[in-house]
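S.K.: Would you mind keeping the following structure in view while I ask a few things?
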Amino acid sequence: LTKLTASFFSSIAIFSSSKRIILAPAAKEFCNSVSNPINENNGSKNVNFSYNPGVPVLKNINIKIKEKERLALVGYTGAGKSTFVKLLSRFYDPIQGEVLIDGKNLKDLKINSLRGKMGIVSQENFLFSGTIKDNIKFGKLDASDEEVISTAKQVQAHDFIMELENGYNTIVGERGNKLSEGQKQLISFARALILNPPILILDEATSSIDPYSELLIQQALKTLLKNRTSISIAHRLSTIINSDRIIVLDKGKIIEEGSHQTLVDLDGFYNQLYQMQFKDPFKKEKIEEEVLADIDIRGDSYNKGDRFSRFI
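Residue numbering for the sequence shown follows this note's numbering, beginning at 16 and increasing consecutively.
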């Protein structure tokens, strides 16, 4: 009886959540389509946004994203970073202003065409309870087995997949619960890359994984970010130090903008964040040594001359 009662209330909660999704109005779209959204007319113009009336989340945001630029957004939790990329991928529309892709207002573009030009990897690695191959192919439903394998190799996922008993036909379990966080993240990267999107969005994509997986993912990012426009959100500044441009958000406003060195020299908000994360000059070196030792134990190959860009 106790289990039945718990199941009953759980079902009510699920029904309520499903009802909100089913009854949500469809996003309005028009007949135009995206042609090649990687020019200098991407970004936002005078954008304001609120989830609740009278509580602004973004205030007068103006960002121009250049072709193949590596752009990073940093700031405290709640600064508006994730909200901006949700507007860019049109999960929400701004209350005021415009979000532009290829010089066109997102409201004038087909949603499927728009999102077909974007690869999105978030902090939460949601996998479906099918096979590894099926989860990668969700990024491109008509992908061949050869494309799946080639993409997995590019993001450093192939080796661990082949170590599994059923390889690419391994069932990942509900929400991928049979895989580690790092393995799930690599599959998410493969899913984003297989479509070869000109725009890549990374929303805290490396925030909850172990150091060994982080090394593999840093290698994968070299492939993911090559020859494409990217927007990265990060709390750990070491993941975005090499970005072409860093935009600092605070309470929904842009307060600083520039390269890493420019912002450090400015000695403002960004530099305060940087100093807090790098205040122990020996910490990064210690972690590098630990990770390299772990790799040696595992027998994996890694170029020790490569720069570690996250461990702080």
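By construction, the Cβ of each residue, glycine as well, lies at the ideal position given by its N, Cα and C atoms.
Under a three-way DSSP split, which group does Ala172 fall into?
M.R.: It is coil, neither helix nor strand.
S.K.: List the whole-angstrom C-beta distance separating Arg85 from Leu240, where the pair is believed to meet the contact cut-off of C-beta under 8 Å.
M.R.: About 6 Å; that satisfies the 8 Å criterion.
S.K.: How would you label Leu156, buried or exposed, when you count the other beta carbons within 10 angstroms and need 16 or more for buried?
M.R.: Classification of Leu156: exposed, given that the 10 Å Cβ count is below 16.
S.K.: Just to check my reading of the structure: Asn150 and Ile202 have Cβ atoms closer than 8 Å, yes? What is that Cβ distance to the nearest angstrom?
M.R.: That pair is a contact at about 6 Å.
S.K.: To the nearest angstrom, report how far apart Leu121 and Glu178 are at their CA atoms.
M.R.: Cα to Cα, the separation comes out at about 43 Å.
S.K.: Quick check on Gln8: buried or exposed, where buried means 16 or more other Cβ atoms within 10 Å of its Cβ?
M.R.: Only positions 16 to 327 of the chain appear in the structure, and residue 8 is not among them; the question remains open.
S.K.: Would you call the segment 204 to 213 and the segment 84 to 101 in contact, with 3 or more CB pairs under 8 Å?
M.R.: Cβ pair count under 8 Å is below three, so no.
S.K.: Quick check for students: name the residue ranges of the beta strand (DSSP E) that lie wholly in the segment 253 to 295, counting only runs of 3 or more.
M.R.: You should have 260 to 265 and 268 to 273.
S.K.: Are Leu252 and Gln292 closer than 8 Å when you measure CB to CB?
M.R.: For Leu252 and Gln292, yes; Cβs fall inside 8 Å.
S.K.: Taking 8 Å as the cut-off, decide whether the C-beta atoms of Ile214 and Thr244 are in contact.
M.R.: Yes.
S.K.: For the alpha helix (DSSP H) containing Leu103, list its first residue and its last residue.
M.R.: Leu103 -> alpha helix (DSSP H) spans Lys96 to Leu103.
S.K.: Pop quiz: Leu124 and Phe64 are said to be a contact at Cβ under 8 Å. What is the actual Cβ separation, rounded to whole angstroms?
M.R.: Actually they do not touch by this definition, with Cβ atoms about 18 Å apart.
S.K.: Tell me Asn57's beta-bridge partners as DSSP assigns them.
M.R.: The partner list for Asn57 (beta bridge, DSSP) reads Ile80.
S.K.: When DSSP builds the beta bridges, which residues end up paired with Met133?
M.R.: Its beta-bridge partners are Ile214.
S.K.: Name the two residues that bound the continuous alpha helix (DSSP H) containing Ile151.
M.R.: Here the alpha helix (DSSP H) through Ile151 covers Ile147 to Lys152.
S.K.: Let me check one thing: in DSSP terms, what residues is Ala87 bridge-paired to?
M.R.: According to DSSP, which records beta bridges pairwise, Ala87 is partnered with Ser247 and Ile261.
S.K.: Can you list, in chain order, the residues of its chain with a C-beta nearer than 8 Å to that of Lys148? Leave out the 5 residues immediately preceding and following it.
M.R.: Closer than 8 Å at the Cβ level, and outside the excluded window around Lys148, lie Asp160, Val163, Tyr183 and Asn184.
S.K.: Just mark Ile186 as buried or exposed, buried being the case when its beta carbon has 16 or more other beta carbons within 10 Å.
M.R.: Looking at its Cβ environment, which holds fewer than 16 other Cβ atoms inside 10 Å, Ile186 is exposed.
S.K.: Using 8 Å for Cβ pairs, my map puts Gly336 next to Ala94. What's the rounded Cβ distance?
M.R.: Residue 336 lies beyond the stretch modelled for the chain, which goes from 16 to 327, so this question has no answer here.
S.K.: Let's test the definition: count the other Cβ atoms within 10 Å of the Cβ of Val114 and tell me whether it reaches 16, buried, or not, exposed.
M.R.: It counts as buried.
S.K.: Under the assumption that Ile135 contacts Ser104 (Cβ atoms under 8 Å), give the Cβ distance between them as a whole number of angstroms.
M.R.: Yes, they are in contact, since the Cβ atoms of Ile135 and Ser104 sit about 6 Å apart, within 8 Å.
S.K.: In its own chain, which residues sit with a C-beta less than 7 Å from the C-beta of Phe175, not counting the 5 before and 5 after it?
M.R.: Result list for Phe175: Gln198, in chain order.
S.K.: Which same chain residues end up closer than 6 Å to Leu217 when comparing Cβ atoms and leaving out the 5 residues on each side of it in sequence?
M.R.: Cβ neighbours of Leu217 beyond the five flanking positions: Val136 and Ser247.
S.K.: Which value, in whole angstroms, describes the spacing of the CA atoms of Gly112 and Lys81?
M.R.: The alpha-carbon atoms of Gly112 and Lys81 are separated by roughly 19 Å.
S.K.: What whole-angstrom Cβ distance do Met133 and Pro212 have, given they're in contact under 8 Å?
M.R.: Right, their Cβ atoms sit about 5 Å apart.
S.K.: So Tyr66 and Asp265 are in contact, right, with Cβ under 8 Å, and what is the actual spacing, rounded?
M.R.: Wrong, their Cβ atoms sit about 18 Å apart, outside the cutoff.
S.K.: Take Glu189 as the anchor and find which of Ala172, Glu196, Ser144 and Lys96 has the nearest alpha-carbon.
M.R.: Here the closest residue by C-alpha is Ser144.
S.K.: Figure out for me which residue from Lys60, Phe99 and Ile110 has the closest Cα to the Cα of Pro68.
M.R.: The candidate whose alpha carbon is nearest that of Pro68 is Ile110.
S.K.: Assuming Glu272 and Val263 make a contact with CB atoms under 8 Å, what is their CB distance in whole Å?
M.R.: Going by Cβ atoms, the distance from Glu272 to Val263 rounds to 7 Å, so yes, they are a contact pair.
S.K.: Provide the residue(s) that pair with Lys119 in DSSP beta bridges, ordered along the chain.
M.R.: Answer is Ile116.
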